[in-house]
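Residue numbers (my numbering), protein chains in the order written: chain U, 1 to 339; chain W, 340 to 678.
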């Protein structure tokens, strides 16, 4: 009879859930809506019920659930097992680890979604050959995880890695957090779309899409902790993916907006490299799906900014939107090792 | 017969050396000139000879030298024991750990001066009650050490903690490293003095010192790795300490320069807090000697910049210019524990 861990990645809109065995192989996956509008108590009850359901599913399949890992966005105090603050899930000081371990009778780890995603990318994904990795998730917001020797830094209060809220443009737009010039206010997928919409309104352009323009959702991963600028897309709003494609097709306005975002992102990554000195920077989240249109100019811009620092490898994430759930499983397995 | 470690803090101009026992008590200190102009081979020979002399002094005093710790500025690869790059000591890829351990026959640790100073402040000094500490040395340059649970982060290539070289003012002055707008180019002691001199030349002011102006040397600690803007003080140049004093006395130009430095420093510390999330920020180096004239406005400016982050304690360093040497001793003691 094989051992598995139960893993849940709880986001503002949905939960990605899995049963994962001790070798990291995914045995079963499920998705459930979060329905955060029902309030935190209802969301907690759903999390616990889903986790119980997964444990039951394991037993039914002849598997033994041995531990539980849950990751949530926002500020998460891993050491105390408390979801300190998560605006879009509605959590404030929820002792989720204890609630879950009591309900399921399993050793439980509570973690942060982006840090867990970074952990998974560093151990199993695009950073797996590096001892020092910076994982940066760029979607509706921007957040990072600094992973050294397979452990993600949490900070003293569970708030480490807020790369989206470092100053890059003192005279830049005001961020969702209230401060001007944060990286997230310029280089997140939502900021790119918003900036393009603003400039288009000031300077109308043809609305026909150039050939090859995708409509891929770029809101994807990233810390959706509510401090992030939200992804607000009206029916007529051009997405960041479309801005990238229009820039690639040579459209002047899109080129300008995209370049502004890439330059700001390079400044943010250069600051990260100055402080962390990693071997590999892994970019995930929706914006990273822009591929060479992002990575080629970003590598050049980053190289321009590094003087005495070693240049890190800059690579796309390998695990897609499963990274957070895999990271939750890794936290659960780590919990077993230390308990 | 009591055990001691031999500790050397090698700077561009001088070496601070000590014999320190296993309880951290300093049994003997010496200072020697570095004379870096003689070239790296001669500096290495002096380091080895001074270390031998200290070991001999220990024996003569009935003490047993059990390990050696050496810290140098620049980029230091602790894992390989190599001084990778240190402009003002003239080192390039010097395998100093092996050279020293072969010569003295003692387990030897090689470290970075500011990281070692941070280690000492975090374990023994102003950060000793905190698990997560950011030590920031502000002198001729600005550098930082992130210390978690008594270990300073080194980075993948020995270059972590370069807080002086993060972007804070995209349209700011060009830094010694070649990039515009680095924190160090605005908020280091040398940058404050330089900026004041520039503006004074443009707008001459009375040269009489207001009452209470000190002439304390503010170049002090800080990463003197040569990438830093150098401390250049002509006979007529007003020091950063004097700028701080004139600002406190209400002089308009000094107030403006001091405020610019404090605001930039607050931006840099806010970025550090967003990424590291520490309990305590310890400020060392010469500029921190400005006392309340620095700490009061800096605390306010930092608080203004923190939105969802926890505010760290902001405190002056406690160990003065002995911190690097104490850190070297701690690295030597750590080496004994793990070998």
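In this text, a Cβ means the ideal position worked out from N, Cα and C, and glycines have one as well.
- Contact between residue 644/W and residue 605/W holds, since their C-beta atoms are separated by about 6 Å, short of 8 Å.
- Residue-level contact by beta carbon fails for residue 367/W and chain U, as no gap is shorter than 8 Å.
- Taking 3 residues as the shortest admissible run, the segment 128-201 of chain U contains the following complete beta strand (DSSP E) segments, listed from N- to C-terminal end: 132-138, 142-148.
- At a Cβ-Cβ threshold of 8 Å, residue 238/U and residue 189/U do not count as neighbours.
- The three-state secondary structure of residue 318/U, taken from DSSP, is coil.
- Of the residues 3/U, 2/U, 18/U, the one whose Cα lies closest to the Cα of residue 9/U is 18/U.
- Taken atom to atom, the span from the alpha-carbon of residue 175/U to that of residue 647/W is near 12 Å.
- Taking a beta-carbon distance threshold of 8 Å, residue 166/U counts as an interface residue toward chain W.
- DSSP places residue 66/U in the uninterrupted beta strand (DSSP E) bounded by 63-72.
- For residue 398/W, the enclosing alpha helix (DSSP H) covers residues 379-399.
- Residue burial is scored here from C-beta neighbours: residue 616/W has at least 16 other C-beta atoms within 10 angstroms and is therefore classed as buried.
- The beta carbon of residue 51/U is closer than 7 Å to those of 6, 8, 68, 100, 104 in its chain, skipping five residues each way along the sequence.
- By the rule that beta-carbons nearer than 8 Å mark a contact, residue 653/W does not touch chain U.
- For residue 639/W, none of the residues of chain U pass the 8 Å Cβ criterion, the least Cβ distance being about 15 Å.
- Linking residue 580/W to residue 352/W through their CA atoms gives a straight-line distance of about 21 Å.
- Per DSSP, reduced to three states, the secondary structure at residue 79/U is coil, with no helix or strand assignment.
- At a cut-off of 8 Å between beta-carbon atoms, residue 140/U makes no contact with chain W.
- The beta carbon of residue 488/W does not come within 8 Å of any beta carbon belonging to chain U, so the residue lies off that interface.
- Shown here for residue 498/W: same chain residues with a beta carbon closer than 6 Å to its own, the five before and five after excluded, namely 414 in chain order.
- The beta carbons of residue 343/W and residue 465/W sit no closer together than 8 Å.
- The beta carbon of residue 469/W lies closer than 8 Å to those of 461, 617, 618, 619, 652 in the same chain, with the five residues before and after it left out.
- Contact with chain U is absent for residue 417/W, since none of that chain's Cβ atoms lies less than 8 Å from the residue's Cβ.
- For residue 297/U, the enclosing alpha helix (DSSP H) stretches over residues 292-305.
- Residue 609/W has its alpha-carbon roughly 20 Å from the corresponding atom of residue 530/W.
- Judged by DSSP in its simplified three-state form, residue 358/W adopts strand.
- Between residue 119/U and residue 152/U the beta-carbon gap is near 5 Å, inside 8 Å, which marks them as a contact.
- A distance below 7 Å between beta-carbons, with the five flanking residues on each side excluded, links residue 24/U to the following residues of its chain, in chain order: 124.
- Pairing residue 452/W with residue 663/W gives a Cβ-Cβ distance under 8 Å.
- Burial check for residue 484/W: the Cβ neighbour count within 10 Å reaches 16 or more, so the residue is buried.
- Between residue 505/W and residue 516/W, the C-beta gap is not smaller than 8 Å, which leaves the two residues out of contact.
- Taking a 10 Å sphere around the C-beta of residue 585/W, we find 16 or more other C-beta atoms and assign the residue as buried.
- Between the alpha carbons of residue 631/W and residue 477/W lies a gap of roughly 15 Å.
- Between residue 71/U and residue 42/U a beta carbon distance of about 19 Å is seen, past the 8 Å cut, so the two are scored as non-contacting.
- Excluding sequence positions up to five before and after residue 298/U, its CB lies within less than 7 Å of the CB of 262, 265, 266, 314, all in the same chain and listed in chain order.
- DSSP places residue 677/W in the uninterrupted alpha helix (DSSP H) bounded by 662-677.
- Annotation: residue 598/W to residue 629/W spans about 13 Å, alpha carbon to alpha carbon.
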